[in-house]
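A.B. asks:
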Amino acid sequence: MMTRVYYCVKINPMQKQIITLIFSTITISLLGFLVQQNGSYTQTILKTKSDKVVVVGTVYDTDKNNRTLPGSTIKSTDTTFLTSTDKNGKYHIELSPGKHILRATYIGYQLNSTKTIDLVQGDSIILDFVLKDAKQHTTN
Numbered sequence: 603m604m605t606r607v608y609y610c611v612k613i614n615p616m617q618k619q620i621i622t623l624i625f626s627t628i629t630i631s632l633l634g635f636l637v638q639q640n641g642s643y644t645q646t647i648l649k650t651k652s653d654k655v656v657v658v659g660t661v662y663d664t665d666k667n668n669r670t671l672p673g674s675t676i677k678s679t680d681t682t683f684l685t686s687t688d689k690n691g692k693y694h695i696e697l698s699p700g701k702h703i704l705r706a707t708y709i710g711y712q713l714n715s716t717k718t719i720d721l722v723q724g725d726s727i728i729l730d731f732v733l734k735d736a737k738q739h740t741t742n
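Just remember that my numbering sits 602 ahead of the position in the sequence shown, which is counted from 1.
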């Protein structure tokens, strides 16, 4: 006979938002593997109660294995704030509300920028980038 043990853990509202954001990120990332990516970026907006806008995401290579790019730099062109991706290609940056253009860079890859994004107080955004190898040339 097997005995099941259940644990009850209290979670405050902020922890709940973080857990929701993590699961949403995982879901969006998994969906990203199923969708043909065009070498651009994807954006998902969630709501939080923060004064800042939290932007998280992953930077991918355009190869077919969806390889991440650790050490990529993410920067808003409108501020001096920047961050780097971790060993899994994931990043986290907090920005002030307003209009921003975010850029992802990595040595040996083409720079990738978003269009102007209007960041609203309380938003939490999942923004994944796909960078192209600088050696890959496009033909017209």
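Backbone N, C-alpha and C define an ideal beta-carbon position, used for all residues, glycine too.
Could you give the residue range of the beta strand (DSSP E) that holds L697?
C.D. replies: Taken as a continuous stretch (DSSP letters only), the beta strand (DSSP E) holding L697 covers K692 to L697.
A.B. asks: Taking just the CA atoms, how far does D680 sit from F635?
C.D. replies: Low local confidence applies: a pLDDT of 40 at F635 is under 50, so the model's placement there is unreliable, with the coordinate-based value given in what follows. C-alpha separation (whole angstroms): 31 Å.
A.B. asks: So, using beta-carbon positions, are T682 and I695 closer together than 8 Å?
C.D. replies: Contact flag unset, no.
A.B. asks: Taking C-alpha atoms, which residue in T718, S674 and G659 lies nearest to G700?
C.D. replies: Out of T718, S674 and G659, T718 has the C-alpha closest to the C-alpha of G700.
A.B. asks: Return the CA-CA distance between G724 and D653, expressed in angstroms with no decimal places.
C.D. replies: Their Cα atoms are separated by approximately 6 Å.
A.B. asks: I think V655 touches L721, with their Cβ atoms under 8 Å apart; what is that distance to the nearest whole Å?
C.D. replies: About 4 Å separates the two Cβ atoms, so the contact holds.
A.B. asks: Applying the criterion that 16 or more other CB atoms from any shown protein chain within 10 Å of the CB defines a buried residue, is L713 buried or exposed?
C.D. replies: Label assigned to L713: exposed.
A.B. asks: Let's see if you can read the secondary structure: which residues bound the beta strand (DSSP E) around R669?
C.D. replies: Run containing R669: none; DSSP gives neither H nor E here.
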